[in-house]
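Respectively, the protein sequence lines represent chains E and U.
Residue numbering for the first sequence follows numbering that gives the first Met the number 0, beginning at 0 and increasing consecutively.
Residue numbering for the second sequence follows numbering that gives the first Met the number 0, beginning at 0 and increasing consecutively.
Backbone N, C-alpha and C define an ideal beta-carbon position, used for all residues, glycine too.
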Amino acid sequence: MRDIIESALLSAKRAGATYADVRILEREVEEISTKNGSVDALKRSFTKGLGVRVIANGAWGFASSFRLTTDEAEKVAEEAVLIAKASSLTKIEDVSLAEVEIFQDTVHQKVEIDPFSVPISEKISVLLESDKIMNIPGVIVRKGNMYFSKEWKTFASTEGAYIEQERIVSGAGISAIATNGKELQIRSYPSSFGGDYQRKGFELVKSADFLKNAERVAKEAVALLSAKPCPSGIMDIVLGGSQLALQVHESAGHPTELDRVLGEEASFAGMSFLMPDKLGKFRYGSDIVNITADATISEALGGFAYDDEGVKAKRIYLVKNGIFVGYLNSRETAKKLKLEPMGAMRAQSWNFMPIIRMTSINLEPGDKTLDELIAGVDRGIYMDTNKSWSIDQNRLNFQFGTEIGWEIKNGKIQDMVKNPTYTGITYEFWRSCDGIANKDFWHVWGVPNCGKGEPQQVMQVSHGVSPARFRNVKVGVLR
Amino acid sequence: MIGKDKIIEILKKAVSRSKADQTEILVMGGKSYLTGFANNYIHRNVGNEDYTINIRLAFGKRIGSATVHGFSEEIIEKALKDAELIAENQKENPDFVSFAKPSKEVRQFDEKALYSENTANCDAECRAKIAKEVVDASKKLGLNSSGTVETETGEIAIVNSLGVEKYCVRTVASIKNIAMATDSSGYSKSTAVDITKINVEEIIKESTDLALSGRAPISIEPGKYEVILTPYAVAEFISHILYLSLNARAVNEGSSFLIGNFGKRILGDNITMYDDGLSEETIPLPFDFEGVDKKRVVFFENGVAKDVVYDTLTAYKEGRESTGHSLPQPSPYSPYPMNFVIEGGNSSPEEMISNVKRGLFVQRFWYTNPMDPKNAVITGMTRDGLFLIENGKITKPVMNMRFTESVISALNNVIELSKTKKIIYDMASVTVPYLRVKDFTFTGKTEF
């Protein structure tokens, strides 16, 4: 491995690079999905290769290959330098990186049960047992899925960094779709779009207790068909953790990505309303809103030991006491704004150049219980589990739909409602937050499918949240 | 490139070594490059060479799958062993009948339409020069450009133990620009097999004209408006019905609005839509990822629901033939229309605008998502060009708005379609005209 890395770094320097880094990644994945009593897909995948990122003539170049040999590493590094030299054709100023501490380290990940040591038959049986329980009248599609991955990544740079990291991830979820011929209703557990994901072993599946939750999931899907429609109007809402995780993702995570802010993602993902003139001054939320980016949380899907620039994982505030105070950054963007690099650069795999990604973006816990949040609502809706999401390219106007909701009247949970939706403007919404549940209700939800960048990269991120209350929100926009 | 002879030889050898009742090997890969620019300079410039090998083995009705990256006999051997191990632990899938059988009828197709040396040979300097042309033009106009120049040269090969043996090499090139002023932006993108067929000047003109005329937008109230949707907006809006409605899986799973409506007119009688992998109106692909030759599938003819697309799993279960619309298996999104077309009308975009008394011109929608899958209700934002039309003329730029609208309702409210169509490509190809639609519902607005 070291000889391949040295070949790439030497070759890059020889070809004219003033900086180069190499990532070699090897990843094994096992995916199982079941549908209506049988295994829909059972698949193992394996990938291995190297990517070389260089600065030459003051501009970026990146090339990659699946062939892991010293000769190929030299060739890839030379191609990266050629690409960088072509980039310099439009250069306005030289790329410059903020100074960081240089590390040599090897980091293993501890898990209780290696997910690859558990027989496939045991995994299938958990999903098919849940499937059987969900098979009740009205349910037309029962789905279950599991995901396990194990990777080993080596990062080295011409500055002397040499970091090896292990990453083990498990994820699982079940869902039931019910219909009466006119409409579809879905319920999922523990979260929608594949369930919950963490940097854990098979213990994640064991603790999720699918068999205990399957019946409720199916019954709620059927009950939603005859539930009354979510009312429309301005009212208070309480968001459950799995929905709030996506709210944090879209309205706090993405707008604090400094590459978006500086226009580097404008041609695809868009930009942000949190421009640098707002840093340290702008009231993003109410006084109780504290949002952190924390890659150091043990087992969080968005966590790691070092990012893909070799920057050590950190915890920083993005919003403190309601004021916008921090960005997710890279060495290059941090230098532009004279900030300290906080370690948010990650690539999907060896064949992608790292970009700024969310780590674990968390709404810090408050001091209420869920009952206290609900008790404080005269007229409103408790909503949970995301069903649809949409937000403008500057991350201001959002609209979310959830799988399920319950009316709240005079401080008490009442009837179930279907197709709940709410919409708003990001900072108005967070300024209306007047209650956050305490740490007993706090959970770090894994989001395995965050898309960003060109070429598009899918990243695993996470959000620690507990339920929270928002006042005077526009509810029920679905016609 | 590895080349047809070598790939097919290695795949056939691997298939013959397999112990399974049925074996299928799919290889996809090649070289892809992207030169990205933002703030009027190239900020991202990347290249990648990769091959993905998908192996599916069937032991009776037990299916095992494995995917590996790279290309060598050794790596295929590893994938075969992994797939065997998986299949041994697998339960029977009662819906499985067979992998693809060789197609009975093969439509005539000239494979030269798939490949261009101009695209394959466009190197880093060639891409950077195109980027420079775009950013220089933007700079001259005082605008800020952000976009991409992308090229891809890919091989696809499928061999299975039932006699399917397919190979093609294809190129795709795309050039995109978003021109931005402080309070406006304009979008343009084109995709072609041959990069020299993309008119860079047109991309510059479309994007910069919109950005220049979009300055100082006004805010208007949400509500129902007559709209002119460009092909970019149409493609983004209707793209959701490709996976929610127009395929056999969606019909089986209950999410398709075609259920119970085949043979009935449920869209406007001016709406005809189909999928045709061999049409040069799209970025063609002559066979699917199971090696089945693409059939032309008509979804709606003059508003009447006709058919949906199938892969082998959904087709053989119903005792019919696959239409050639499988994605690489296993996939929760298969089957899928990869070459979707809405037939055009007789108008020009200019005539369509001149027929609007009061309405909105929408260049593009963004971040769309289904709110109600069964009724194909979609929400999303406008982006990169929204203008008020008054008395047949574009009069003022407008701040972006949120829409919440059903595709079914909108396609019943189409008053006019343009003759011109455009290919909108993002992994799959969607070719659509401009549409004039009445009573299109906007439900919110934003601050820019």
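Exposure label - residue i; buried when at least 16 CB within 10 Å
i: residue 210 of chain E; result: exposed
i: residue 352 of chain U; result: buried
i: residue 4 of chain U; result: exposed
i: residue 394 of chain U; result: exposed
i: residue 0 of chain E; result: exposed
i: residue 9 of chain U; result: buried
i: residue 69 of chain U; result: buried
i: residue 326 of chain E; result: buried
i: residue 392 of chain E; result: buried
i: residue 16 of chain U; result: exposed
i: residue 293 of chain U; result: buried
i: residue 246 of chain U; result: buried
i: residue 113 of chain E; result: exposed
i: residue 275 of chain U; result: buried
i: residue 182 of chain U; result: exposed
i: residue 93 of chain U; result: exposed
i: residue 107 of chain E; result: exposed
i: residue 370 of chain U; result: buried
Opposing strand residues paired with residue i [DSSP bridges]
i: residue 186 of chain E; result: E/175
i: residue 383 of chain E; result: E/403
i: residue 167 of chain U; result: U/155
i: residue 225 of chain U; result: U/358
i: residue 151 of chain E; result: E/25 and E/165
i: residue 37 of chain E; result: E/34
i: residue 378 of chain U; result: U/368 and U/403
i: residue 241 of chain U; result: None; residue 241 of chain U has no bridge partner.
i: residue 338 of chain U; result: U/428
i: residue 444 of chain E; result: E/462
Close-in-space but distant-in-sequence residues of the same chain around residue i (CB under 8 Å, 5 per side omitted)
i: residue 279 of chain E; result: 322, 323 and 324
i: residue 471 of chain E; result: 233, 234, 235 and 431
Rounded straight-line distance, which links the Cα of residue j to that of residue i
i: residue 404 of chain U; j: residue 80 of chain E; result: 48 Å
i: residue 165 of chain E; j: residue 109 of chain E; result: 9 Å
i: residue 481 of chain E; j: residue 66 of chain E; result: No answer is possible for residue 481 of chain E: the residues shown for chain E start at 0 and end at 478.
i: residue 343 of chain E; j: residue 179 of chain E; result: 46 Å
i: residue 249 of chain E; j: residue 423 of chain E; result: 12 Å
i: residue 137 of chain U; j: residue 84 of chain E; result: 22 Å
i: residue 306 of chain U; j: residue 272 of chain U; result: 10 Å
i: residue 19 of chain E; j: residue 12 of chain E; result: 7 Å
i: residue 425 of chain E; j: residue 283 of chain E; result: 8 Å
i: residue 133 of chain E; j: residue 49 of chain U; result: 41 Å
i: residue 417 of chain U; j: residue 347 of chain U; result: 5 Å
i: residue 105 of chain E; j: residue 39 of chain U; result: 40 Å
i: residue 412 of chain U; j: residue 418 of chain E; result: 25 Å
i: residue 88 of chain U; j: residue 63 of chain U; result: 9 Å
i: residue 157 of chain E; j: residue 99 of chain E; result: 13 Å
i: residue 207 of chain U; j: residue 175 of chain E; result: 48 Å
i: residue 42 of chain U; j: residue 264 of chain E; result: 10 Å
Cut-off 7 Å between Cβ atoms - residues of its own chain near residue i, not counting five sequence neighbours on either side
i: residue 478 of chain E; result: At residue 478 of chain E, the pLDDT of 46 sits below 50, so the modelled position is not reliable; the number obtained from the coordinates is stated separately. Here the set comprises nothing.
i: residue 58 of chain E; result: 83, 86, 87, 90 and 94
Other residues of its chain near residue i: CB distance less than 6 Å, five sequence neighbours each side excluded
i: residue 372 of chain U; result: 243 and 254
i: residue 351 of chain E; result: 456
i: residue 43 of chain E; result: 29
i: residue 160 of chain U; result: 14, 21 and 22
Min CB distance residue i to chain B below 8 Å
i: residue 396 of chain E; result: The chain inventory of the structure shown lacks chain B, comprising the protein chains E and U.
Closer than 9 Å, Cβ to any Cβ of chain U: which residues of the stretch 103–121 of chain E, in chain order?
-> 118, 119 and 120
Name, going along the chain, the residues of the stretch 2–25 of chain U whose beta-carbon falls closer than 9 Å to a beta-carbon of chain E.
-> none
Chain E contacts made by the stretch 368–397 of chain U, where a contact means CB separation under 8 Å = 368, 369, 370, 371, 372, 373, 374, 376, 378, 379, 380 and 382
Could you please tell me which residues of the stretch 33–54 of chain U, in chain order, have their CB closer than 9 Å to any CB of chain E?
-> 33, 34, 35, 36, 37, 38, 39, 40, 41, 42, 43, 44, 45, 46, 47, 48, 49, 50, 51 and 53
Which residues, in order along the stretch 201–218 of chain U, keep a beta-carbon less than 7 Å from a beta-carbon of chain E?
-> none
Quick one, which residues of the stretch 243–274 of chain E are near chain U if we go by CB-CB under 7 Å, in chain order?
-> 262, 263, 265 and 266
Residues in the stretch 406–432 of chain E having any Cβ partner in chain U nearer than 8 Å | 418, 420, 422 and 424
Along the stretch 54–74 of chain E, what residues have a CB closer than 8 Å to any CB found in chain U?
-> 58, 59, 60, 61, 62, 63, 64, 65 and 66
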